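Trainee: Pasting in a structure now, in structure tokens, and then I'll have a few things to ask.
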Amino acid sequence: MNKSLFTERILTKTAQAIRSGAKPFDKERLIHEITTDCFADEEEQKNWRPIVAQRIELLLSDEGTFISHIRDACRFCEEGRRRCTHVCPTDAIIHTADGVNIDWDRCIECGRCVDGCISGALVARSDFVKVASLLMRSDERPVYAILAPAFVGQFGEISPAKLKGALIQLGFDGVYEVAMAADVITSREAEELVERFHRGDRFMITSCCCPVFMRLVEKTKPALVELVSRSVSPMIALGRLLKAREECKVVFIGPCVAKK
Ligand code: SF4
Ligand code: SF4
8 MNKSLFTERI
18 LTKTAQAIRS
28 GAKPFDKERL
38 IHEITTDCFA
48 DEEEQKNWRP
58 IVAQRIELLL
68 SDEGTFISHI
78 RDACRFCEEG
88 RRRCTHVCPT
98 DAIIHTADGV
108 NIDWDRCIEC
118 GRCVDGCISG
128 ALVARSDFVK
138 VASLLMRSDE
148 RPVYAILAPA
158 FVGQFGEISP
168 AKLKGALIQL
178 GFDGVYEVAM
188 AADVITSREA
198 EELVERFHRG
208 DRFMITSCCC
218 PVFMRLVEKT
228 KPALVELVSR
238 SVSPMIALGR
248 LLKAREECKV
258 VFIGPCVAKK
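Just so you know, we're using this note's numbering here: the sequence shown kicks off at 8 and counts up by one.
Structure representation (structure tokens):
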């Protein structure tokens, strides 16, 4: 089973089914198509059918914790191959007779286990439905897309102008680069550093763009929290700038699940 093909099929086929406008769309047919596309063997198709069904349900739901777990998918993972445990940097994953459990007091929501899981048993919370419903009601208030700088490498040969055009066609009212706010935040952090030196601090920790870093400090080195810069991330700063200008909704598009 090719996990990225599996995930991509679920996303694109579900999106196509929703866009076709059929209400409710034919979920059974969708499950059948994805299962037969991704698994050649009939026995495999039978085993994976309920897992495909659960993944579609999770994609269509905007509730739940940062990561959901599909217990059935772990049946195919032998003890020595449990990559979720090996990649977790904070030992937050515990295996019990009941399956995988995440200790949320330790979890820093980095998403490494989602990438590492060989079977797609761990699924990051989806904002798919939330964004689709915002776009469907964009005549009530504008919806803006804000892009993480990684978009330049993420979409291969697609030029920024083409990407912007595609997002506008999807229904966004405007597209902005988060890098714009990163400049503002860098200058704010420089001011904060000077203020701290005048106050007698010896140094300041700064990596405000990364929520995982912030959670790591909070959960594993709480004594260092007061040394962390108080600046918000460029993503938050740009969202606030746009919302200060007018009543609108802002959707962040980036490569990292940790920013959800
Ligand atoms: S999200 Fe990160 S910290 Fe949380 S369980 Fe997964 S790998 Fe561990
Ligand atoms: S979550 Fe994924 S990697 Fe972890 S035991 Fe289950 S199938 Fe294996």
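Glycine included, every Cβ here is placed at the ideal spot set by N, Cα and C.
Note that the structure is a prediction, hence the values are computed from the model and not measured.
Can you tell me where the beta strand (DSSP E) holding Lys256 begins and where it ends?
Mentor: 256-260
Trainee: How is Ser75 classed by DSSP in three states: helix, strand or coil?
Mentor: strand
Trainee: In whole angstroms, give me the CA-to-CA distance for Ser133 and Glu202.
Mentor: 40 Å
Trainee: To the nearest whole angstrom, what separates the beta carbons of Cys117 and Ala265, a pair I think is in contact under 8 Å?
Mentor: 5 Å
Trainee: Leaving aside the five residues before and after Ala186 along the sequence, list all residues of the same chain whose C-beta is less than 6 Å from its C-beta, in chain order.
Mentor: Pro156
Trainee: Does Thr42 pass the burial test, meaning 16 or more other C-beta atoms within 10 Å, or should it be called exposed?
Mentor: buried
Trainee: Give me whichever residues DSSP pairs with His102 in a beta bridge.
Mentor: Under DSSP, His102 shares a beta bridge with Val107.
Trainee: Mark Leu231 as exposed unless 16 or more other C-beta atoms lie within 10 angstroms of its C-beta, in which case mark it buried.
Mentor: exposed
Trainee: Rounded to the nearest angstrom, what separates Glu64 and Asp208 at their Cα positions?
Mentor: 50 Å
Trainee: Within the present structure, is the beta-carbon of Ala189 separated from the nearest heavy atom of ligand 2 by less than 7 Å?
Mentor: no
Trainee: Less than 8 Å between the CB atoms is what I'm expecting for Glu199 and Ser140, so what's the real figure, rounded?
Mentor: Going by Cβ atoms, the distance from Glu199 to Ser140 rounds to 38 Å, so no, they are not a contact pair.
Trainee: Assuming Gly160 is part of the alpha helix (DSSP H), what are its boundary residues?
Mentor: 158-161
Trainee: Less than 8 Å between CB atoms is the rule here; does Lys137 satisfy it with respect to chain D?
Mentor: Reference to chain D is not applicable here, since this structure consists of a single protein chain.
Trainee: Closer than 7 Å: is that where the CB of Ile115 sits relative to any heavy atom of ligand 1?
Mentor: yes
Trainee: Between the alpha carbons of Arg56 and Asp122, how many angstroms are there, rounded?
Mentor: 21 Å
Trainee: Would you be able to state if there are at least three C-beta pairs under 8 Å between the segment 80-96 and the segment 142-162?
Mentor: no
Trainee: In whole angstroms, what separates the C-alpha of Pro241 from that of Val138?
Mentor: If I take the Cα positions, the gap works out to 21 Å.
Trainee: Measuring only the C-alpha atoms, how far is Leu18 from Ser75?
Mentor: 16 Å
Trainee: What residue range is occupied by the uninterrupted alpha helix (DSSP H) comprising Leu67?
Mentor: Per DSSP, Leu67 belongs to the alpha helix (DSSP H) from 49-67.
Trainee: Is Ala128 near ligand 1, judged by its Cβ being under 7 Å from some heavy atom?
Mentor: No, since every heavy atom of ligand 1 falls outside the 7 Å radius drawn around the Cβ of Ala128.
Trainee: Enumerate in chain order the residues of its own chain whose CB-to-CB distance from Phe135 is below 6 Å, with the five nearest sequence positions on each side excluded.
Mentor: Correct list, in chain order: Leu66.
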